[in-house]
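Position in the sequence shown counted from 1, then plus 595, gives you the numbering used here.
Note that the Cβ used here is the ideal one computed from N, Cα and C, for glycine as well.
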Amino acid sequence: MPRILIAECKQEVSTFNPVLSGYEDFTLRHGQSILDYHRQVRSEVGGALSVFDATPGVELVPTCSAHFITSGGTLADAAFERLAEELLSSIKSAPAVDGLYFSLHGAMATLSEGDPEGWLLEQIRKIVGEKVPIVISLDLHGILTDRMLEQSDAAVAFHTYPHVDFFGTGERAARLLLRIVAGDVKPVTAKVTVPALARGDELITASGSIRHAVNAAKAVEQSPGGLSAAMMWGNPFTDVPALASNSFVVTDNDPALAEREALRIANLFWEHHEKMQVPLTSLAVAARMSKENSSGTVVLVDAADATSSGASGDSNAVLRALIDAGYEGTAVIPIVDPDAVQAAFQAGVGNAVKTTVGGALDAKRFTPLPIEGRVRMLSDGWFHSETTRELWQAGPTAVIQVGNITLIVTSRAVSLYDRALFLAHGCDPKHFGVVVVKSPHCEPHMFKEWAARYIDVDAPGSTSANLRSLGHTKCARPMFPLDADVPFQPQAKIFARCVA
Ligand SMILES: [Zn+2]
């Protein structure tokens, strides 16, 4: 009758976003409410619970779940200390357990700690002792550090981008944990670090050249002796010492197999890495193309302000470019600006509002743009993700009509990698001449499959695909594409815990 502890601490940051993340940027859940929530959603914890719930005799010990509302800037030290204290004290006060499942993203960073997840695992290990198996789940945009692998027994990571396997990853983590707890397998991990930061369509796992590495990982995971494997290319905007791409393979007590396969996956990644960049179109050209388009929708992808990658979400760069170009068609644009929202609430629905939008957070990159419009809708900004059905909270939100341009102005950043914000505010993207999508990729049916044009714009922003423009200072060098002629001498590091 195994007793399994459940914990979660997920956040992804862009260290180039000048706005620090705080404690209020997390949703905290404790005890039973973790189970109640995650049994309703397609999250990693939800997937893990589906396995534990279907296994007779498993007793669950839900402790603490800290889940980012959306990605953001570097986490303030005090906020991390408070989160860590809540998480660790809940684990300290839990009864003895036989195994621990810890759901992570992997791309956290605080002002003074580049590997908060590894630090948390070290503390958790001190609490539960050396013998309790710990399995972690990770986003493939996580930065896989040595410390994470030293302090856990095995890692499981996403295989899909755009991500559609949150739930499946949790299921895989739970199944592996139960096998380790039962003594059926003894995990050993090999990790290979690749000095490359990747972006672009080649990373779409269904069609891009990344599929060679990802399919190899999936194959070894399903092969005899294979327990888990993945290619993790990290979040290029989390500039921390360990930032890089990594392959890893977990086998059942077979370090040679783990090493061979991790090297193979890393080499398959490296073989294609030069293509893993994004050809960008200048704002002026993108605006002109929008103006010239005669039918259907132009999707302007502003991934430089991708809130789900950690950007501030308050870029008005595309809006400005459309106005400057004299674009007269319809457009829908999401933008974070709490003061503009407040002005709209003061004006009231149906009334005129005069305010500025943009530059409310990242004042270094964006200048507030004066607008005069009409308030069409006010909401509490709560809606459910189209992808996972999770509750997303944008805070008080206003739909402001400025001429033909519809602005969905939120009080805080919210994920924009699906259409949920648009649809929740009565804006079907198909009905607009231009849609600004602040996400590098969405599932194809959401925009790409039907858009008349789909343009990656070169706008300023803290998650720009123009990686050289950001000014990395902490990651190891040389690093592709920040440096020229980067050598790759693949070496595997082996991690194994002695579970007596
Ligand atoms: Zn991700």
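inquiry  = On the criterion of 16 or more Cβ atoms from any shown chain inside 10 Å, does Q746 qualify as buried, or is it exposed?
reply    = buried
ask   = Around ligand 1, what residues have a beta-carbon under 5 Å from a heavy atom of it, in chain order?
value = D734 and H736
ask   = For V835, which option in G1066, F1042 and G709 has the closest C-alpha, if you only look at C-alpha atoms?
value = G709
ask   = Which ranges would you report for the alpha helix (DSSP H) in the stretch 644–717 if only whole runs of at least 4 residues count?
value = 672–687
message = Buried or exposed for P782, going by 16 or more other Cβ atoms inside 10 Å?
response = buried
Assigned secondary structure, V1094 (DSSP; H/G/I helix, E/B strand, else coil) = Confidence at V1094 is low in this model, with a pLDDT of 47, below 50, so the placement of that residue should be treated as unreliable; the coordinate-derived value is given next. The answer is coil: DSSP assigns V1094 none of H, G, I, E or B.
ask   = Tell me which same chain residues have a C-beta within less than 6 Å of the C-beta of A812, skipping the five on either side of it?
value = A824, A825, M826 and I860
request  = Check the DSSP bridge columns for T876 and list the partner residues they point to.
outcome  = V1052
query = Closest by CA to P819, which one among G803, V780 and L964?
reply = V780
Simplified DSSP state of V1081, which is helix, strand or coil = coil
query = Identify the residues that DSSP records as bridge partners of L1002: which are they?
reply = I928 and I995
inquiry  = On the criterion of 16 or more Cβ atoms from any shown chain inside 10 Å, does F1075 qualify as buried, or is it exposed?
reply    = buried
inquiry  = My parser needs the beta strand (DSSP E) runs of 3 or more residues fully inside the stretch 857–912; what are they?
reply    = 893–896
ask   = Who are I599's beta bridge partners in DSSP?
value = L655 and G694
query = Between the C-alpha atoms of P929 and R794, what's the straight-line distance to the nearest angstrom?
reply = 23 Å
query = In the DSSP assignment, what residue or residues form a beta bridge with N841?
reply = T788 and M827
query = Taking the alpha-carbon positions, what's the E856 to P933 distance?
reply = 49 Å
Nonlocal neighbours in the same chain, by C-beta distance under 6 Å from V553, ignoring five residues either side = A query on residue 553 cannot be resolved here, the shown segment of the chain reaching from 596 to 1095 and no further.
Cβ neighbours of G617 in the same chain (closer than 6 Å, five flanking residues each side left out) = A671 and A674
Nearest neighbour of D632, chosen from E603, G652, E654 and K726 [CA to CA] = Here the sequence assigns Tyr to residue 632, which means Asp is not the residue at that position. Ranking E603, G652, E654 and K726 by Cα distance to Y632 puts E603 first.
inquiry  = Helix, strand or coil for D847? Go by DSSP, reduced to three states.
reply    = strand
key: Buried versus exposed, by CB contacts within 10 Å (16 or more), W977   = exposed
key: Buried/exposed call for A1079, threshold 16 Cβ in 10 Å   = exposed
key: Three-state secondary structure assigned by DSSP to M1074   = coil
ask   = I think A1019 touches T1005, with their Cβ atoms under 8 Å apart; what is that distance to the nearest whole Å?
value = Incorrect: roughly 11 Å between the Cβ atoms, too far for contact.
message = Per the DSSP calculation, S609 is bridged to which residue(s)?
response = G668
Outcome for E887 when other beta-carbon atoms lying within 10 angstroms are tallied against a minimum of 16 = exposed
inquiry  = With H, G and I counted as helix, E and B as strand and the rest as coil, what does DSSP make of A749?
reply    = strand
Reduced DSSP category for T764 - H, G, I as helix; E, B as strand; rest coil = helix
ask   = Per the contact definition of three or more C-beta pairs closer than 8 Å, is the stretch 615–630 in contact with the stretch 647–664?
value = yes
query = Is the Cβ-Cβ distance between S904 and L956 less than 9 Å?
reply = no
request  = List the DSSP bridge partners of T951.
outcome  = P965
ask   = Should V896 and D1051 be called a contact, given that it needs their Cβ atoms to be closer than 9 Å?
value = yes
Per DSSP, cross-strand counterpart(s) of C1037 = Beta-bridge pairing links C1037 to no other residue.
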